[in-house]
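What follows is one structure encoded as structure tokens, with my remarks underneath.
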Amino acid sequence: MSEKEKATRDAYGEALLELGKRRSDIVVLDADLSGSTKTVKFAKAFPERFFNIGIAEQDMIGTAAGLALTGKVPFASTFAVFAAGRAWDQIKIAVCYSNTNVKIVATHGGITVGEDGASHQALEDIALMRALPNMTVIVPADAIETTSVINEIADYRGPVYVRLGRAKVSAVMPEDYKFKLGRAYTFHIGKDVNIIAVGIMVDTALKASKILRDEGIDTGVINMSTIKPIDEETLLLTAKSSKIIVTAEEHSIIGGLGGAVCEFLSENYPVPVKRIGIRDAFGCSGSPKELLKLYGLTVEDIVETVKGTLKV
Amino acid sequence: MVGKITDIKTLENIARQIRIHILRMLTEAGSGHTGGSLSATDVAVAIYFSKMRFDPQNPKWRERDRFILSKGHAAPLLYAILAKAGYFQMEMLSTLRKINSPLQGHPCSESLLGVEISTGSLGQGLSVANGIALGLKLDVIPARVYCLLGDGEIQEGQIWEAAMTAAHYKLDNICAVVDNNGLQIDGPVEEVMRVAPLHEKWTAFGWHVIEIDGHNMREILVALDEAENTKGKPTVIIAHTIKGKGVSFFEGKVEYHGIAPTQEELEKALKELGNE
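Keeping their order, the protein sequence lines are chains G and X.
Just add 154 to the spot in the first sequence (first one is 1) and you have the working numbering.
Just add 16 to the spot in the second sequence (first one is 1) and you have the working numbering.
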């Protein structure tokens with residue numbers, strides 16, 4: 155593990171460019187945000203395979219579905235709020251119901267979008283995407299995982315939603331890590347508590363687990379990067395070893411990772427679960443650091459939640 | 017591959033048969049969209065049987081022409097045509113809207129070969145058609161993409177997003193048709209939400225526009241030729257049609273937008289269409 159910092163969207167831009175060099179069937183669409191989503195790298199290298207659709211996310215998704223029908227592998231990118239929210243019905247009908255091979259890679263997920271405020275912070279995109287049949291939902295934890303995810307989904311046939319972030323994140327995954335669709339990555343299984351996290355919260359969970367272990371609470375951390383289909387085997391194993399489970403995500407506690415974990419465990423192996431995330435609220439402007447503190451998504455918040463829940 | 021039919025009388029006769037199938041299917045189903053299926057019949061028949069190259073034995077043939085039914089409510093029209101073209105047995109038409117049938121209430125590409133993409137939520141087909149057209153151009157495949165739109169449907173904003181995209185990328189392999197029957201479920205389009213002036217709107221969006229009588233087979237064929245020969249921009253054919261066309265007591269009646277014929281109405285309608 156290195157402390158190298160890099161935004162997942164930057165890793166995406168580079169991975170897409172490399173993928174484009176290897177495969178001529180890769181095409182990319184953007185909705186006037188290629189500089190921010192980093193698809194601009196691909197656009198410059200392969201202008202004939204890049205389609206800027208303008209500020210028209212619904213049209214972008216439909217166009218991507220059409221390209222998929224001719225055998226192309228389209229990657230469609232914009233901010234998560236617009237991808238998952240604005241174009242939800244197009245994703246439902248033209249992508250999921252039609253089972254077209256469209257990869258939606260949304261950047262600027264979560265509260266760490268920062269200063270742009272609530273209209274630009276996707277806090278419900280995972281819930282929206284997870285509810286759609288045929289959809290695979292992935293939230294990589296760092297740049298290493300993002301690169302691996304992009305390569306893996308290019309080979310997978312079917313609709314995929316990948317959620318990336320704007321802010322830089324520390325490298326948490328091993329350098330030689332290879333993402334496997336539907337497989338969680340277990341850093342450590344704790345005998346007292348296990349924190350299941352996605353995205354930037356994996357790093358936060360790892361830091362919290364260190365503090366908790368130092369205080370004698372055996373705390374494990376699992377990176378559940380594929381939220382759908384969720385890794386049921388790992389969830390069961392984890393639940394069996396846990397007094398409590400804590401989920402951590404930069405998303406509403408309704409319908410995201412926390413929802414998915416609770417749905418599975420309550421039916422299969424009920425253990426107490428505490429969900430850390432945005433508590434049914436809109437975001438607001440501020441620096442990412444300030445916002446994480448305001449919405450209770452810091453290392454300290456996890457530590458306190460774990461201690462508080464263990465006492466009960 | 018289905019042979020190209022250019023004889024007007026033959027095409028008119030196919031259209032008459034298709035209308036009969038539509039009415040039978042809808043009566044058997046007990047629900048569905050009668051008016052908008054009948055208004056678009058002549059144009060759709062001309063596209064499939066005089067213009068399109070496809071192979072029902074090889075439905076995913078890469079070089080086939082594509083047809084996107086953006087107004088998915090006219091599913092019975094598409095199903096009757098696909099059956100006639102040989103994609104599946106005619107007998108299957110009677111399963112429309114029934115449990116476990118591939119003939120869903122609105123077209124589902126995952127359940128029926130020949131349906132290119134699922135539709136039914138209005139406004140989405142033209143974007144998909146654009147994507148196919150872009151993909152075909154990348155692969156240098158000279159196939160064409162036809163997209164049937166409703167005049168009420170184009171109230172959806174996505175249609176105009178897609179209209180910009182098609183013109184921006186000079187998709188001259190696209191031919192859209194607006195089935196301009198003037199009625200939508202709540203009443204006349206003019207009263208619910210005006211879409212006119214159509215010609216000027218599409219022209220302003222960068223399209224080549226052709227206006228025709230959508231029930232005149234000769235005019236339809238000429239327009240489809242003109243669309244194919246128009247280079248550098250997409251073509252839209254504004255087909256002036258009559259909702260419920262072919263059955264006198266359905267024609268121009270907004271009530272028959274989303275209602276299936278009764279058994280009695282079916283018998284009367286079949287007589288009018290020359291089928292006892």
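C-beta: ideal position from N, C-alpha, C; glycine also.
{"query": "8 angstroms Cβ cut-off: residues of chain G touching Val238/X", "result": "Ordered by position in chain G, no residue passes the 8 angstroms Cβ test against Val238/X, which lies about 28 angstroms from the chain."}
{"query": "Within chain G, partners of Asp155/X - CB distance below 9 angstroms", "result": "Thr224, Gly225 and Lys226"}
{"query": "Cutoff 8 angstroms: Ile398/G Cβ touching any chain X Cβ", "result": "no"}
{"query": "Euclidean distance between Cα positions of Ala321/G and Thr181/X", "result": "32 angstroms"}
{"query": "Members of the segment 146–171 of chain X that neighbour chain G once the beta carbon cut-off is set at 9 angstroms", "result": "Asn146, Gly147, Ile148, Ala149, Leu150, Gly151, Leu152, Leu154, Asp155, Ile157 and Val161"}
{"query": "Chain G within 8 angstroms of Ala91/X, Cβ atoms only", "result": "no"}
{"query": "Cβ neighbour criterion (16 or more within 10 Å) applied to Lys259/X", "result": "buried"}
{"query": "Touching by the beta-carbon criterion (3+ pairs, under 8 angstroms), the segment 274–284 of chain G and the segment 224–242 of chain G", "result": "yes"}
{"query": "Whether Gly437/G touches Glu403/G by CB criterion (8 angstroms)", "result": "no"}
{"query": "Contiguous alpha helix (DSSP H) assignments of at least 4 residues, all confined to the segment 214–273 of chain X", "result": "214–220 and 233–245"}
{"query": "Closer than 9 angstroms at the beta carbon, the chain G residues around Val59/X", "result": "The contacting residues do not exist; Val59/X stays about 21 angstroms from chain G at best."}
{"query": "Where Gln279/X falls, given that 16 or more other Cβ within 10 Å makes a residue buried", "result": "exposed"}
{"query": "Inter-stretch contact at 8 angstroms, needing at least 3 Cβ pairs: the segment 232–250 of chain X / the segment 263–276 of chain X", "result": "no"}
{"query": "Thr278/X (DSSP reduced to helix, strand or coil)", "result": "coil"}
{"query": "Residue(s) in a DSSP beta bridge with Cys163/X", "result": "Ile84/X and Ala192/X"}
{"query": "Cut-off 8 angstroms between Cβ atoms - residues of its own chain near Lys87/X, not counting five sequence neighbours on either side", "result": "Gly52, Ala56, Thr135, Leu138, Gly141, Leu164, Leu165, Gly166, Glu169 and Asp195"}
{"query": "Coarse secondary structure for Pro204/X, derived from DSSP in three states", "result": "strand"}
{"query": "Delimiting residues of the alpha helix (DSSP H) encompassing Tyr95/X", "result": "Ala91 to Ala101"}
{"query": "Which of helix, strand or coil DSSP assigns to Met155/G", "result": "Caution applies to Met155/G, whose pLDDT of 43 falls short of 50 and renders its modelled position unreliable; the value that the coordinates give is listed next. It is coil, neither helix nor strand."}
{"query": "When Asn206/G, Leu183/G and Leu389/G are compared against Ile398/G, the one with the closest alpha-carbon", "result": "Leu389/G"}
{"query": "Whole runs of the beta strand (DSSP E) within the segment 219–259 of chain G, excluding any shorter than 3 residues", "result": "227–233"}
{"query": "Cα-Cα separation, Val415/G to Thr401/G", "result": "8 angstroms"}
{"query": "Secondary structure of Ile384/G, DSSP reduced to three states", "result": "coil"}
{"query": "Buried/exposed call for Lys334/G, threshold 16 Cβ in 10 Å", "result": "exposed"}
{"query": "Neighbour flag for Asn255/G against chain X, beta carbons, 8 angstroms", "result": "no"}
{"query": "Chain G contact residues for Glu177/X, given Cβ-Cβ distances below 8 angstroms", "result": "Ile207, Gly208, Ala210, Gln212 and Asp213"}
{"query": "Residues of its chain near Gln200/X, where Cβ-Cβ distance is below 6 angstroms and the 5 sequence neighbours each way are ignored", "result": "Gly168 and Val208"}
{"query": "Span separating the alpha-carbon of Asn146/X from that of Leu109/X", "result": "30 angstroms"}
{"query": "Interface flag, Gly220/G vs chain X, CB-CB below 8 angstroms", "result": "yes"}
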